[in-house]
Amino acid sequence: MIVREENEKYILTRQNDHAHLSGEIARHFEHFFLADPHFKDCLFAIYEHDRSWILPDALPEWNAITERPYDFIDYPIEEKLNYYRLGLAETEEMNPYAGLLCSMHYTSFIKKETADPLSLEFLQAENKRQNRLRTSLELSDGNLLHKQFQLLQLCDNISLYLCLNRPGTNKDEEHYFFRKGFKNSSGFSPNGKKDLIAYWPERDRINIEPYPFKDPFEVSIDQKYLLKQEIRKNGLKKAFLQAEAKTLSIQISKG
0 MIVREENEKY
10 ILTRQNDHAH
20 LSGEIARHFE
30 HFFLADPHFK
40 DCLFAIYEHD
50 RSWILPDALP
60 EWNAITERPY
70 DFIDYPIEEK
80 LNYYRLGLAE
90 TEEMNPYAGL
100 LCSMHYTSFI
110 KKETADPLSL
120 EFLQAENKRQ
130 NRLRTSLELS
140 DGNLLHKQFQ
150 LLQLCDNISL
160 YLCLNRPGTN
170 KDEEHYFFRK
180 GFKNSSGFSP
190 NGKKDLIAYW
200 PERDRINIEP
210 YPFKDPFEVS
220 IDQKYLLKQE
230 IRKNGLKKAF
240 LQAEAKTLSI
250 QISKG
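Listed below in structure tokens is the structure:
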């Protein structure tokens with residue numbers, strides 16, 4: 000679950016909805032992949048990259064330590080990794096190429112130097128999956144696979160930017176993930192030298208510079224607005240089921 004706190008409410012976005020938003024954004028990068036025989040597989044991976052969260056996001060859980068709903072960052076590690084395995088197995092079964100890209104995405108979260116034993120075990124198993132899939136798919140162009148992986152991560156980040164920030168927020172008040180732009184995105188810059196950066200000139204519009212798309216476009220995502228008083232009164236799960244759902248629509252344009 001993606002959780003944003005705002006005064007007396009929480010704004011919750013299901014991860015799978017966020018992933019579909021990432022996929023909609025990725026479609027507008029197609030001109031970077033005109034000769035790519037696997038671009039449709041890459042798109043599939045981006046749309047499905049968070050299917051691991053479908054089950055846990057059906058109903059949010061309360062974090063008694065932080066006193067707010069669990070999000071994708073602080074969700075208990077053992078359960079999180081089990082859901083990762085389930086989602087990756089499902090993705091590989093539907094599309095092995097997408098399974099490879101999604102596995103690469105998940106293992107990128109784990110730093111061997113600081114990882115706990117459960118995460119290291121997961122990393123080792125996923126490295127084996129990746130090697131097996133590279134062999135079975137007979138992939139010879141590692142540079143193309145890496146560029147697709149970077150597209151997945153960039154579209155994931157642009158979508159997270161929309162979900163984690165209050166619409167219209169000032170740059171210095173944005174979520175710390177994005178204040179300096181989107182890491183490793185220079186390959187999608189028009190000049191190929193500068194990472195992309197976004198900001199909110201208005202509540203219903205973000206600008207991205209340098210602008211990587213051909214034309215402006217609009218995206219939307221459904222979110223749940225949970226009042227804190229309703230959580231205190233009825234508990235998180237009941238409050239979630241009864242919460243008002245809103246559609247966030249944002250124009251993505253050139254600065």
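Position one of the sequence shown corresponds to residue 0 (numbering that gives the first Met the number 0), numbered consecutively onward.
We put the beta carbon where it would ideally sit given N, CA and C, even for glycine.
message: Contact defined as beta carbons within less than 8 Å: I believe S102 pairs with R128. What is the distance between those atoms, to the nearest angstrom?
response: 5 Å
field: Whole-number beta carbon distance between L100 and R133, since they are thought to touch under 8 Å
entry: That pair is no contact at about 11 Å.
query: How is the beta strand (DSSP E) around S248 delimited, first residue to last?
result: E243 to K253
- prompt: In chain order, what residues of the same chain lie with their CB nearer than 7 Å to the CB of D70, ignoring the 5 residues before and after it?
  reply: M0, I1 and V2
- request: Keeping to the same chain, check which residues put their C-beta closer than 6 Å to that of E91; ignore five residues upstream and five downstream.
  value: G98
query: Quick one: is R26 buried, meaning 16 or more other Cβ sit within 10 Å of its Cβ, or exposed?
result: exposed
query: Out of curiosity, what's the CA-to-CA distance linking E112 and S118?
result: 11 Å
message: Which residues does DSSP list as the beta-bridge partners of T256?
response: Since the first residue of the chain shown is 0 and the last is 254, residue 256 is not available in this structure.
Beta-bridge partners of W61, as assigned by DSSP: P68
field: D214 vs A244 beta-carbon contact at 9 Å
entry: no
message: Short of 7 Å in beta carbon distance, which residues of its chain neighbour E89, apart from the five on each side in sequence? Order them along the chain.
response: R50
task: Helix, strand or coil for I1, going by three-state DSSP, please let me know.
output: strand
- prompt: Cα separation between Q14 and I53?
  reply: 7 Å
query: Under three-state DSSP, which class holds L226?
result: strand
Cβ pair count under 8 Å reaching 3, the region 5-14 against the region 55-69: yes
query: Buried or exposed: K329, going by 16 or more other Cβ atoms within 10 Å of its Cβ?
result: Only positions 0 to 254 of the chain appear in the structure, and residue 329 is not among them; the question remains open.
message: On the CB-based measure, 16 or more other CB atoms within 10 Å of its CB, does A34 come out buried or exposed?
response: exposed
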